[in-house]
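**Q** Chains as they are written, first to last, in my numbering: chain A, 1 to 221; chain B, 222 to 442. For every residue, glycine included, the Cβ atom is placed at its ideal position computed from N, Cα and C. Remember, predicted model here, so these are calculated numbers, not experimental data. So that we are looking at the same thing, I have put the structure below in structure tokens.
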DNA sequence: AATGGGTCTTGACAACTGTCCAGAAGAAGG
DNA sequence: CCTTCTTCTGGACAGTTGTCAAGACCCATT
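Take a look at the structure:
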């Protein structure tokens, strides 16, 4: 998958627009290999966390050697930044099916809860990496622009779910988008923490919490 | 302030119970200097974040030299762990005055919102450090025990506020303690992120959000 | 004054980090 | 074949890290 940033922070790199589509060596185009490197990096980052992940470790878990990284990325910051944007593309559409396929308010709530549990089960390393990067942005200004942009994207993603829920229920959401997102994110982050720490009940509790909480976000009938 | 862990994870160090109360050198007792070292460390950690803070940096910002750290702490992990516990002691009583002094439900909500804004204004580095450590615990098992214990402590701290609020309002809280904490924590974390990133409206919005949201946590009249 | 032990300083060590570079490897075009 | 360009390798560099140890310092007791 080649990332195609539609909006948001500047995505230009050191290479001009005339990037060669075909490579001389290796498989796939220049951008393909860049993305595969970012893909490997994300796996390693999700495993070790931002702080402990070195460029050599990233390279070791990829098809490249450590020297190549500086061929595709100017420095570590550019690699991380690119990875963050790459990550975003993999998660913005996560709940679109829930929105599209639900025909009742209760069905949407169940589908949403199921999806939250599923994504923690399948993609916990990616989620903890996101929280890691978001927290790091409080110390490292270089990450802020991207983090805030992705956070806003996630907020609208959640808001689309709630708007559909409100429409199906015939009652408006009684909280602003920012508050609703912050609350649900807090619930999700807590469940992720418990789950990663080995709490077997974390996912069931998340499911129950979402079922019990989402109705409270709508105005009274 | 000397930390006196009442409950929670094991706090024992390499030194036995017969710790000398008076030192031969430096000012204060052995435990005093240990705490002052932890105090310096927390300031540095809050400034740079867990990942970027080295033992030499901690020592440079303290009254000690870098070698002393291994005299008071076995290794970096023990220092961090001690700091985390030390941190907890400084924040568990944060809202006790609000609980004690409030005489009306609305007054408690205002006092709580004021206090949240105040603590972000005054102690933002400490808060972002907490979120940093909590996130790191998802990657580093050594931190988990302490993090989960502190998180539980914060939950009961928030719960005490809500119980008092419910009593003053004459309506019960309609969410379990865990959910209520997760939601408010999400709102708080978001406000902190915005604030640290330079968003001047973050604190006003936090205040307004708390005023608007807390009533929703109680059952209908 | 001498001793002994708690406290602290200083320098060293190996391991690791991001970055850079000289050159090899390989494909495309002449 | 030879040249040219992209791609990649492997090593080197300087800086930083946690950890340790030899010894200096200082105070209390004898």
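By alpha-carbon positions, which one of A/42, A/107, A/171 ends up nearest to residue 221 of chain A?
**A** Locating residue 221 of chain A in the first chain gives position 221, counting from the first residue. Closest by alpha carbon: A/171.
**Q** Using a C-beta cutoff of 8 Å, does residue 182 of chain A count as contacting chain B?
**A** As a working note, residue 182 of chain A is residue 182 in the first chain. Chain B contact via Cβ: present.
**Q** Specify whether the segment 24–42 of chain A and the segment 355–364 of chain B touch according to this definition: at least 3 beta carbon pairs, one from each stretch, less than 8 Å apart.
**A** Because the criterion of three Cβ pairs below 8 Å is not met, the segment 24–42 of chain A and the segment 355–364 of chain B do not touch.
**Q** Can you check DSSP and say which residues form a bridge with residue 218 of chain A?
**A** By 1-based counting over the first chain, the position of residue 218 of chain A is 218. Per DSSP, A/173.
**Q** When you compare the CB positions of residue 111 of chain A and residue 98 of chain A, do they come within less than 8 Å of one another, or not?
**A** Within the first chain, the letter at position 111 stands for residue 111 of chain A. Within the first chain, the letter at position 98 stands for residue 98 of chain A. A contact, by the Cβ cut-off of 8 Å.
**Q** Assuming contact is defined by CB atoms lying nearer than 8 Å, are residue 439 of chain B and residue 390 of chain B in contact in what I supplied?
**A** The residue you call residue 439 of chain B lines up with position 218 of the second chain. The residue you call residue 390 of chain B lines up with position 169 of the second chain. A contact, by the Cβ cut-off of 8 Å.
**Q** For residue 49 of chain A, which residues in chain B fall below 9 Å Cβ to Cβ?
**A** Start at 1 with the first residue of the first chain, and residue 49 of chain A comes out as number 49. Within 9 Å Cβ-Cβ: 272, 356, 357, 359, 360, 361.
**Q** Tell me, to the nearest whole angstrom, how far the beta carbon of residue 359 of chain B is from that of residue 128 of chain A; I am working on the premise that it is less than 8 Å.
**A** Working through the second chain from its first residue, we reach residue 359 of chain B at position 138. Working through the first chain from its first residue, we reach residue 128 of chain A at position 128. Contact flag correct, Cβ pair sits at about 4 Å.
**Q** With residue 313 of chain B as the anchor, note down where its alpha helix (DSSP H) starts and where it stops.
**A** Position 92 of the second chain holds residue 313 of chain B. Residue 313 of chain B -> no alpha helix (DSSP H), and no H or E assigned at all.
**Q** Are there three or more Cβ pairs, one per stretch, closer than 8 Å when the segment 371–389 of chain B is compared with the segment 287–301 of chain B?
**A** Output reads no: the segment 287–301 of chain B does not touch the segment 371–389 of chain B.
**Q** Measure the Cβ-Cβ separation of residue 193 of chain A and residue 109 of chain A and say whether it is below 8 Å.
**A** Locating residue 193 of chain A in the first chain gives position 193, where the first residue counts as 1. Locating residue 109 of chain A in the first chain gives position 109, where the first residue counts as 1. Not in contact: residue 193 of chain A and residue 109 of chain A (Cβ atoms no closer than 8 Å).
**Q** Should residue 209 of chain A and residue 324 of chain B be called a contact, given that it needs their Cβ atoms to be closer than 8 Å?
**A** Here residue 209 of chain A is taken as the residue at index 209 of the first chain, counted from 1. Here residue 324 of chain B is taken as the residue at index 103 of the second chain, counted from 1. No, these two residues do not count as a Cβ contact at 8 Å.
**Q** Please classify residue 377 of chain B: does DSSP put it in a helix, a strand, or coil?
**A** Working through the second chain from its first residue, we reach residue 377 of chain B at position 156. Here residue 377 of chain B sits in helix by DSSP.
**Q** What's the call for residue 342 of chain B, buried or exposed, on a 16-neighbour Cβ count within 10 Å?
**A** Counting from one through the second chain, the residue named residue 342 of chain B turns up at place 121. Exposed is the call here.
**Q** Return no unless some Cβ of chain A is closer than 8 Å to the Cβ of residue 229 of chain B.
**A** Translated into positions along the second chain, residue 229 of chain B becomes position 8. Per-residue confidence for residue 229 of chain B stands at a pLDDT of 48, beneath the threshold of 50, marking its modelled position as unreliable; no derived number is given.
**Q** My output table needs one value for residue 430 of chain B: the three-state DSSP class, helix, strand or coil.
**A** Your numbering for residue 430 of chain B matches position 209 in the second chain. Helix at residue 430 of chain B.
**Q** Give a yes or no on whether 8 Å exceeds the smallest Cβ distance from residue 185 of chain A to chain B.
**A** Locating residue 185 of chain A in the first chain gives position 185, where the first residue counts as 1. Answer yes: the Cβ-Cβ gap between residue 185 of chain A and chain B drops below 8 Å somewhere.
**Q** Going by other Cβ atoms of all chains shown within 10 Å of its Cβ, with 16 needed for buried, is residue 72 of chain A buried or exposed?
**A** Position 72 of the first chain, counting from 1, holds the residue named residue 72 of chain A. Residue 72 of chain A is buried by the Cβ-count criterion.
**Q** Rounded to whole angstroms, what is the Cα-Cα separation between residue 272 of chain B and residue 434 of chain B?
**A** For the purposes of this step, residue 272 of chain B is identified with residue 51 of the second chain, where counting begins at 1. For the purposes of this step, residue 434 of chain B is identified with residue 213 of the second chain, where counting begins at 1. Distance between the alpha carbons of residue 272 of chain B and residue 434 of chain B: 35 Å.
**Q** What residues of chain A sit near residue 377 of chain B, judged by a beta carbon separation below 8 Å?
**A** Reading the second chain from its first residue, position 156 is the one you call residue 377 of chain B. Neighbours of residue 377 of chain B on chain A: none; closest Cβ ~15 Å, over 8 Å.
**Q** I need the DSSP call for residue 386 of chain B, collapsed to helix, strand or coil.
**A** Indexing the second chain from 1 puts residue 386 of chain B at position 165. Residue 386 of chain B: helix per DSSP, three-state reduction.
**Q** Which one of A/145, A/175, A/47 has the shortest CA to CA distance from residue 81 of chain A?
**A** Walking along the first chain from the start, residue 81 of chain A turns up at place 81. Residue A/145 is the option with its Cα nearest to residue 81 of chain A.
**Q** Excluding the five sequence neighbours on either side, which residues of its own chain have a C-beta within less than 7 Å of the C-beta of residue 395 of chain B, listed in chain order?
**A** For this step, residue 395 of chain B is matched to residue 174 along the second chain. Result list for residue 395 of chain B: 438, 439, 440, in chain order.
**Q** Applying the criterion that 16 or more other CB atoms from any shown protein chain within 10 Å of the CB defines a buried residue, is residue 142 of chain A buried or exposed?
**A** Residue 142 of chain A sits at position 142 when you count from the first residue of the first chain. Residue 142 of chain A should be labelled exposed.
**Q** Let me check you understand the geometry: is the CB of residue 82 of chain A closer than 7 Å to at least one non-hydrogen atom of the ligand MG?
**A** You won't find the ligand MG in this model; it holds no ligand whatsoever.
**Q** In this structure, how does DSSP classify residue 304 of chain B when only helix, strand and coil are distinguished?
**A** Along the second chain, read from residue 1 onward, the residue named residue 304 of chain B stands at position 83. The answer is helix: DSSP assigns residue 304 of chain B an H, G or I state.
**Q** When burial is assigned at 16 or more other CB atoms within 10 Å of the CB, is residue 62 of chain A buried or exposed?
**A** The sequence position of residue 62 of chain A within the first chain is 62, counting from 1. Residue 62 of chain A comes out buried.
**Q** Please classify residue 195 of chain A as buried or exposed, where buried requires at least 16 neighbouring CB atoms within 10 angstroms.
**A** For the purposes of this step, residue 195 of chain A is taken as residue 195 along the first chain, with counting starting at 1. Buried, by the Cβ-count rule.
**Q** Is it right to say residue 423 of chain B is buried, meaning 16 or more other beta carbons lie within 10 angstroms of its own, or is it exposed?
**A** Reading the second chain from its first residue, position 202 is the one you call residue 423 of chain B. Label assigned to residue 423 of chain B: buried.
**Q** Roughly how many whole angstroms lie between the Cα atoms of residue 411 of chain B and residue 162 of chain A?
**A** For the purposes of this step, residue 411 of chain B is taken as the residue at position 190 of the second chain. For the purposes of this step, residue 162 of chain A is taken as the residue at position 162 of the first chain. Cα-Cα distance, rounded: 19 Å.
**Q** Closer than 8 Å, Cβ to Cβ, to anything on chain B: give me those residues from the segment 110–127 of chain A, in chain order.
**A** Under the 8 Å Cβ criterion, the segment 110–127 of chain A contributes no residue.
**Q** Compare the C-alpha of residue 340 of chain B against each of B/327, B/316, B/322, B/326 and name the closest.
**A** Here residue 340 of chain B refers to the residue found at position 119 when the second chain is read from its first residue. Cα-wise, what sits closest to residue 340 of chain B is B/316.
**Q** Which bits of chain A does residue 353 of chain B rub up against, with CB to CB less than 8 Å?
**A** Sequence index remark: in the second chain, residue 353 of chain B carries index 132 (1-based). Here the neighbours are 135, 136, 138, 139.
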